[in-house]
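Undergrad: Chain order of the listed sequences is P and W. The first sequence begins at 6 in our numbering and counts up one residue at a time. The second sequence begins at 786 in our numbering and counts up one residue at a time.
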Amino acid sequence: MAVDRFPIEASHILMFARAVGDDNQIYYDADYAAGTEPGSVIAPPTFAQSSAQFDPDYFLRPKPGQDWFGSGKEPTGVQKKEESGGGGGGGGGGGLHAEQHFVYHRHLKPGDVLSAETKPGKTWEKQSKRAGKLMFSESVTEYRDQNGELVITATGVGVRTERPVDQ
Amino acid sequence: MALKASEIKIGDTYSECLVEDLKRTQIVQYAGASGDYNPLHTDEIFTTKMAGYPTVFAHGMLTMGMTGGMLTNYVGDGRLTKYGVRFTNQVWPGDTLNSTATVESLDGDVVRLVVETKNQDGATVLSGYAEARVDD
């Protein structure tokens with residue numbers, strides 16, 4: 006994943022905070038936020054994940070004129086079985102999201118314009134009783150601000166399972 | 786309000802209920818805000834018929850995001866320096882989640898926390914750590 010331009014916007018922060026059920030005023034009330042230690046609205050700790058919105062090729066967003074593996078008339082819009090297990094996760098390797106780590110060099114605020122570069126990390130395998138062979142893959146994303154300063158380092162681990170996880 | 790080093794000790798805990806009876810609509814909200822539209826989270830037909838799960842389930846990042854709210858309520862806004870988790874069990878619609886941060890160590894002005902979020906059956910759905918700057 007490479008995101009050239011990830012503008013940090015107040016309304017996006019508000020929507021994200023609502024989605025994670027966080028009603029902290031610092032995420033939507035600029036007047037309140039001005040009187041806090043950060044001094045302005047900031048983004049919640051996991052907000053950088055929403056850079057997917059600004060990745061033109063993000064594969065977990067339906068795009069006009071392209072097949073989508075979710076249901077419509079049929080349970081899936083694509084025929085290839087290997088694509089139907091669901092992709093995603095933050096690990097860049099598809100499957101499920103196994104781990105996520107953030108290092109905050111500073112916190113994001115509206116007006117910041119980030120760019121993000123993702124590099125593949127380690128890969129490893131493990132056998133599990135509940136899902137068969139597990140294939141893990143790590144990816145490391147560096148988010149830089151409009152001045153080129155590193156603001157967040159995000160490490161995701163995705164896991165592809167041999168079969169759906171037993172419940 | 787940020788934490789003060791002089792007022793915390795190793796083993797201190799802080800807990801919050803993150804959500805009671807998680808609704809599918811909240812999972813939809815998270816898909817919309819985050820941009821992760823994986824049908825496994827919102828598309829019941831795909832998830833049951835194609836992926837083989839009993840119903841849709843929450844994004845791991847929704848659980849991490851909700852747990853992050855507990856953390857910032859504890860350590861204060863803009864104080865986190867590190868936050869990392871493993872997703873150890875799936876979170877389903879109807880789940881009730883409780884999350885706890887436990888002070889593991891205090892080194893100068895940095896507190897390290899062990900973070901754990903459990904569902905209504907006591908199963909751990911997220912386990913991890915956080916570090917935050919504290920006041921003197």
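Ideal Cβ placement from N, Cα and C applies to all residues, glycine included.
So if I threshold CB-CB distances at 7 Å, which residues from the region 106-118 of chain P count as touching chain W?
TA: Under the 7 Å Cβ criterion, the region 106-118 of chain P contributes 106, 107, 108, 109, 112.
Undergrad: In whole angstroms, what separates the C-alpha of residue 169 of chain P from that of residue 148 of chain P?
TA: So the alpha carbons of these two residues sit roughly 33 Å apart.
Undergrad: With residue 21 of chain P as the anchor, note down where its beta strand (DSSP E) starts and where it stops.
TA: Looking at the DSSP string, residue 21 of chain P is not in any beta strand (DSSP E); the run it does join, the alpha helix (DSSP H), is 15-24.
Undergrad: Take the Cβ of residue 84 of chain P as the centre, count every other Cβ of all protein chains shown within 10 Å, and call the residue buried at 16 or more, exposed below.
TA: Classification for residue 84 of chain P: exposed.
Undergrad: Around the Cβ of residue 37 of chain P, are there at least 16 other Cβ atoms within 10 angstroms (buried) or fewer (exposed)?
TA: Exposed, because fewer than 16 other Cβ atoms sit within 10 Å of the Cβ of residue 37 of chain P.
Undergrad: Using a cut-off of 8 Å between C-beta atoms, extract the partners of residue 856 of chain W located in chain P.
TA: By Cβ distance, chain P contributes 50.
Undergrad: Which residues of the region 800-819 of chain W have a Cβ closer than 8 Å to any Cβ of chain P? Give them in chain order.
TA: Hits within the stretch, in order: 803, 804, 811, 814, 815, 817, 818, 819.
Undergrad: How would you write the range of the beta strand (DSSP E) that residue 821 of chain W sits in, first residue to last?
TA: Element bounds for residue 821 of chain W: n/a, residue is neither H nor E.
Undergrad: Using 8 Å as the threshold, is the region 790-809 of chain W in touch with the region 142-156 of chain P, meaning 3 or more CB pairs across them?
TA: Taking 8 Å as the limit for Cβ pairs, the verdict is that the region 142-156 of chain P does not touch the region 790-809 of chain W.
Undergrad: Taking 7 Å as the CB-CB cut-off, is residue 903 of chain W touching chain P?
TA: Not one chain P Cβ lies under 7 Å of residue 903 of chain W.
Undergrad: Would you please verify whether the beta carbon of residue 795 of chain W is less than 7 Å from any beta carbon of chain P?
TA: It does not; no Cβ of chain P falls within 7 Å.
Undergrad: What did DSSP end up calling residue 138 of chain P once you bin it into helix, strand or coil?
TA: Of the three classes helix, strand and coil, the one that applies to residue 138 of chain P here is strand, per DSSP.
Undergrad: Whole-angstrom Cβ separation of residue 107 of chain P and residue 868 of chain W, contact assumed at under 8 Å?
TA: Indeed, because the Cβ distance is near 5 Å, the residues count as touching under 8 Å.
Undergrad: Cβ of residue 69 of chain P within 6 Å of any heavy atom in the ligand FAD?
TA: With respect to the ligand FAD, the structure shown offers nothing to examine, as it has no ligands at all.
Undergrad: Which residues in chain P have a C-beta closer than 9 Å to the C-beta of residue 883 of chain W? List them in chain order.
TA: Simply none; closest approach about 13 Å.
Undergrad: Which runs of the beta strand (DSSP E), 3 residues or longer, sit entirely within the region 103-155 of chain P?
TA: Those beta strand (DSSP E) runs which fall completely within the region 103-155 of chain P and span 3+ residues are 118-133, 137-149.
Undergrad: Please identify the residue among W:802, W:823, W:858 whose C-alpha is closest to the C-alpha of residue 786 of chain W.
TA: Minimum Cα distance to residue 786 of chain W is reached at W:858.
Undergrad: What are the residues of the region 49-80 of chain P that lie near chain W, defined by any Cβ-Cβ distance shorter than 7 Å?
TA: Residues 49, 50, 51, 54, 55, 57, 58, 63, 65, 66, 67, 74, 75, 76, 80.
Undergrad: Can you name the residues that DSSP bridges to residue 899 of chain W?
TA: Paired residue(s): W:887, W:914.
Undergrad: Which of the three DSSP states, helix, strand or coil, is assigned to residue 801 of chain W?
TA: It is a strand residue.
Undergrad: Against chain W, with Cβ distances strictly below 7 Å, would residue 153 of chain P count as a contact?
TA: No, because no Cβ of chain W sits closer than 7 Å to the Cβ of residue 153 of chain P.
Undergrad: Whose CA, out of P:145, P:129, P:144, P:146, lies closest to the CA of residue 138 of chain P?
TA: Out of P:145, P:129, P:144, P:146, P:129 has the C-alpha closest to the C-alpha of residue 138 of chain P.
Undergrad: For residue 91 of chain P, would you say it is in contact with chain W, using Cβ-to-Cβ distances shorter than 7 Å as the test?
TA: At residue 91 of chain P the pLDDT is 44, less than 50, meaning the model places this residue with poor confidence; the figure from the coordinates comes in the next sentence. Chain W contact via Cβ: present.
Undergrad: My understanding is that residue 891 of chain W touches residue 25 of chain P, with C-beta atoms under 8 Å, so please give their C-beta distance in whole angstroms.
TA: Residue 891 of chain W to residue 25 of chain P, Cβ: 28 Å. No contact.
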